[in-house]
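S.K.:
Number of protein chains: 2
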Amino acid sequence: MIRRLSQARERGIPEATVARLPLYLRALNGMAERGLATVSSEDLAVAAGVNSAKLRKDLSHLGSYGTRGVGYDVEYLIYQISRELGLTQDWAVAIVGVGNLGRALANYGGFVSRGFRVAALLDADPEVVGDRIAGLNVEHIDELEAVIRRRGVSIVVLATPAAAAQQVADRVVAAGITSILNFAPVVLSVPEGVDIRKVDLSIELQILAFHEQRKTDRMTGGPAMAEEWPEAVDL
Amino acid sequence: MIRRLSQARERGIPEATVARLPLYLRALNGMAERGLATVSSEDLAVAAGVNSAKLRKDLSHLGSYGTRGVGYDVEYLIYQISRELGLTQDWAVAIVGVGNLGRALANYGGFVSRGFRVAALLDADPEVVGDRIAGLNVEHIDELEAVIRRRGVSIVVLATPAAAAQQVADRVVAAGITSILNFAPVVLSVPEGVDIRKVDLSIELQILAFHEQRKTDRMTGGPAMAEEWPEAVDL
DNA sequence: CTCACTTTGTGCATCGGTTCACAAAGGGAC
DNA sequence: GTCCCTTTGTGAACCGATGCACAAAGTGAG
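Protein chains in written order, with our numbering: chain A, 12 to 246; chain B, 12 to 246.
(1) THR49(B) and GLY82(B) - do their beta-carbons sit closer together than 8 Å?
(2) Under 7 Å, CB to CB, which of the residues in the stretch 185-216 of chain A have a partner in chain B?
(3) Rank TYR119(B), ILE106(B), VAL107(B), VAL109(B) by C-alpha distance to the C-alpha of LEU112(A) and give the top, closest one.
(4) Keeping to the same chain, check which residues put their C-beta closer than 7 Å to that of GLU53(A); ignore five residues upstream and five downstream.
(5) With distances taken Cα to Cα, identify the nearest neighbour of ILE159(A) among LYS65(A), TRP102(A), GLN91(A).
(6) With distances taken between CB atoms, is the gap from ILE166(B) to VAL104(B) smaller than 8 Å?
(7) Find the residues of chain B that neighbour ASN111(A), judging by a C-beta separation of less than 8 Å, and give them in chain order.
(8) What residues in the stretch 56-77 of chain B bring their beta carbon closer than 8 Å to a beta carbon of chain A?
(9) Given this structure, state the Cα-to-Cα distance separating ALA27(A) from ILE214(B), to the nearest angstrom.
(10) Select from SER75(A), MET42(A), ALA43(A), GLN91(A) the residue whose C-alpha is nearest the C-alpha of LEU32(A).
(11) Quick check on this structure: which residue in LEU199(B), LYS65(B), ALA59(B), GLU95(B) has the alpha carbon closest to the alpha carbon of GLY60(A)?
(12) Does the ligand ZN have even one heavy atom less than 7 Å from the beta-carbon of ARG94(A)?
(13) Report the residue ranges of all alpha helix (DSSP H) runs contained in full by the stretch 23-101 of chain A; include only those spanning at least 4 residues, in chain order.
(14) So ARG37(B) contacts chain A; which residues on that side make the cut at Cβ distance below 7 Å?
(15) Could you check the C-alpha separation between ALA43(B) and ASP181(A) for me, to the nearest Å?
(16) Using a C-beta to C-beta distance shorter than 7 Å, which residues of chain B count as neighbours of VAL29(A)?
(17) Using 8 Å for Cβ pairs, my map puts ARG125(A) next to LEU98(A). What's the rounded Cβ distance?
(18) Distance, Cα to Cα, LYS226(B) vs SER190(A)?
Below, the structure is given as structure tokens:
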């Protein structure tokens with residue numbers, strides 16, 4: 012009984028689905044550790060914190076890997092999702108900017124866990140160049156292009172100050188990198204075909220503050236009624 | 012000419028809009044520093060990296076704050092967005108878990124910048140309790156409830172190991188917190204009405220890897236043709 | 001004042017994503 | 001084999017968000 016592949020898998024998995032696959036993968040790994048052999052969409056959905064219909068539709072984009080009346084084989088599904096996400100290969104990651112955040116990232120265990128390997132640390136500050144962090148030598152930013160080439164880096168993490176981020180981004184793009192994870196609080200402009208993902212702590216906090224304000228407003232009897240603005244503002 | 016408020020502002024700004032307001036705010040602050048008095052939706056949209064129609068629709072949810080033929084008054088718009096996001100008040104934030112990441116967050120400047128103040132650091136490890144980080148004393152997690160109450164903390168940042176996150180979340184929720192920023196790689200379950208935002212480094216990397224794989228697949232002539240799975244997998 | 005020009009605010013078509021609800025498929029008992 | 005139970009995979013309705021395109025509103029020149 013050879014399993015047929017993917018009438019449903021022409022090309023193009025919805026972006027929203029891709030963003031959830033890592034979540035399913037994590038939940039499945041937990042289940043595999045606990046020795047579960049199969050899991051239903053309902054159980055997996057609960058573990059991942061999503062609706063079960065959504066989960067099934069997501070998985071159906073990868074192919075038809077479940078068994079009706081039974082569920083999904085945990086190990087097999089782990090393999091399929093891993094392969095789809097490209098985690099069966101090894102990705103070399105370079106971290107640029109070894110300040111507090113860069114250091115934290117370099118030492119972050121979960122980073123390395125699945126398929127990713129921190130292959131280089133770079134910084135512009137001669138004070139930190141040469142330091143040994145998480146078993147790696149911090150190299151000078153001048154070496155950027157050479158290091159990327161030599162170590163086969165394909166994903167770059169930007170943890171530089173905001174002012175330096177665009178400049179570094181230009182250089183890594185010129186060096187052939189097409190995947191960037193940006194922690195600097197700036198909107199980077201890059202050519203078509205380069206993927207940027209942005210993690211912005213202060214934006215997350217501001218979104219929380221918005222909702223928190225709404226909640227406390229509601230408690231104290233609606234928002235400030237007459238929403239005047241202070242005279243500090245000159246129009 | 013007193014400006015009328017918000018026929019368009021009944022209540023309820025779309026979530027997608029809320030998520031972009033901080034972006035606009037950052038772009039506007041940059042413009043204010045450079046001394047610009049007014050800005051068109053087109054220019055602001057470019058600076059924030061969005062479509063100008065979207066920008067105008069977003070701003071229209073706050074009220075009608077532009078002037079046709081002219082644009083938006085930079086300072087006035089900064090004030091309005093800040094007020095809407097709740098940044099005109101001061102938010103006390105507690106960081107739980109003072110490992111590499113917690114330290115980085117405590118020292119992160121952009122954190123404090125607008126309206127947010129790190130008011131407490133907590134950890135379970137007696138080794139780090141008592142340390143002084145970013146001008147704050149690290150307190151023991153046993154003090155959690157007391158510290159939250161005493162310092163008026165309303166937002167909690169979780170930077171604990173995955174295994175501890177749910178337990179801490181339960182405690183802070185019990186202590187009345189309704190806004191949590193979670194860096195631990197777990198799906199937290201919390202009661203209705205509690206807002207959780209999740210930042211997950213490894214998920215971001217996995218999404219990048221997915222797209223990167225697609226790109227390199229395309230270069231090397233399509234995805235691995237016969238997608239067999241290794242015999243390692245037992246069905 | 002009128003006219004030409006700029007830029008906002010929004011109606012409308014469209015799109016992607018979510019959810020419901022159910023037919024189809026498989027397993028197991030007998 | 002038949003029947004019943006479980007669970008998948010998906011059609012279809014729905015919902016929110018996006019982007020086009022334009023009327024309405026304001027500025028400034030003459």
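Ideal Cβ placement from N, Cα and C applies to all residues, glycine included.
M.R.: Let me spell this out:
(1) Along the second sequence, one-based indexing puts residue 82(B) at 71. Along the second sequence, one-based indexing puts residue 49(B) at 38. Yes, the pair counts as a contact, with Cβ atoms nearer than the cut-off.
(2) Listed by position, the residues of the stretch 185-216 of chain A near chain B (Cβ gap below 7 Å) are THR189, SER190, LEU192, PRO196, VAL198, ASP206, ARG208, VAL210, LEU212, SER213, ILE214, GLU215, LEU216.
(3) As a working mapping, residue 112(A) is identified with position 101 in the first sequence. The shortest C-alpha separation from LEU112(A) is found at TYR119(B).
(4) Numbered from 1 along the first sequence, position 42 holds the residue referred to as residue 53(A). Same-chain partners within the cutoff: SER63.
(5) Your numbering for residue 159(A) matches position 148 in the first sequence. Among LYS65(A), TRP102(A), GLN91(A), the Cα nearest to that of ILE159(A) is on TRP102(A).
(6) Reading the second sequence from its first residue, position 155 is the one you call residue 166(B). Reading the second sequence from its first residue, position 93 is the one you call residue 104(B). Yes. Within cutoff.
(7) Taking the first sequence and counting its residues from 1, the one referred to as residue 111(A) is at position 100. Per Cβ cutoff of 8 Å: ARG114, ALA115, ASN118, TYR119.
(8) If you check each beta-carbon in the stretch 56-77 of chain B against every beta-carbon of chain A, the ones closer than 8 Å belong to ALA58, ALA59, GLY60.
(9) For the purposes of this step, residue 27(A) is identified with residue 16 of the first sequence, where counting begins at 1. For the purposes of this step, residue 214(B) is identified with residue 203 of the second sequence, where counting begins at 1. Distance between the alpha carbons of ALA27(A) and ILE214(B): 13 Å.
(10) Translated into the one-based positions of the first sequence, residue 32(A) becomes position 21. Nearest option by C-alpha distance: GLN91(A).
(11) Counted from its first residue, the first sequence places residue 60(A) at position 49. Of the candidates LEU199(B), LYS65(B), ALA59(B), GLU95(B), LEU199(B) places its Cα closest to the Cα of GLY60(A).
(12) Here there are no bound small molecules, and the ligand ZN is not part of this structure.
(13) Counting only runs of 4+ residues, the alpha helix (DSSP H) found wholly inside the stretch 23-101 of chain A occupies 26-44, 52-59, 63-71, 85-96, in chain order.
(14) Counted from its first residue, the second sequence places residue 37(B) at position 26. Against chain A, the beta carbon of ARG37(B) has neighbours under 7 Å at PRO196, listed in chain order.
(15) The sequence position of residue 43(B) within the second sequence is 32, counting from 1. The sequence position of residue 181(A) within the first sequence is 170, counting from 1. Going by the C-alpha atoms only, they are around 26 Å apart.
(16) The sequence position of residue 29(A) within the first sequence is 18, counting from 1. The answer, in chain order, is ILE218, PHE221.
(17) For the purposes of this step, residue 125(A) is taken as the residue at position 114 of the first sequence. For the purposes of this step, residue 98(A) is taken as the residue at position 87 of the first sequence. Correct: roughly 5 Å between the Cβ atoms.
(18) Here residue 226(B) is taken as the residue at index 215 of the second sequence, counted from 1. Here residue 190(A) is taken as the residue at index 179 of the first sequence, counted from 1. The C-alpha of SER190(A) is placed about 10 Å away from the C-alpha of LYS226(B).
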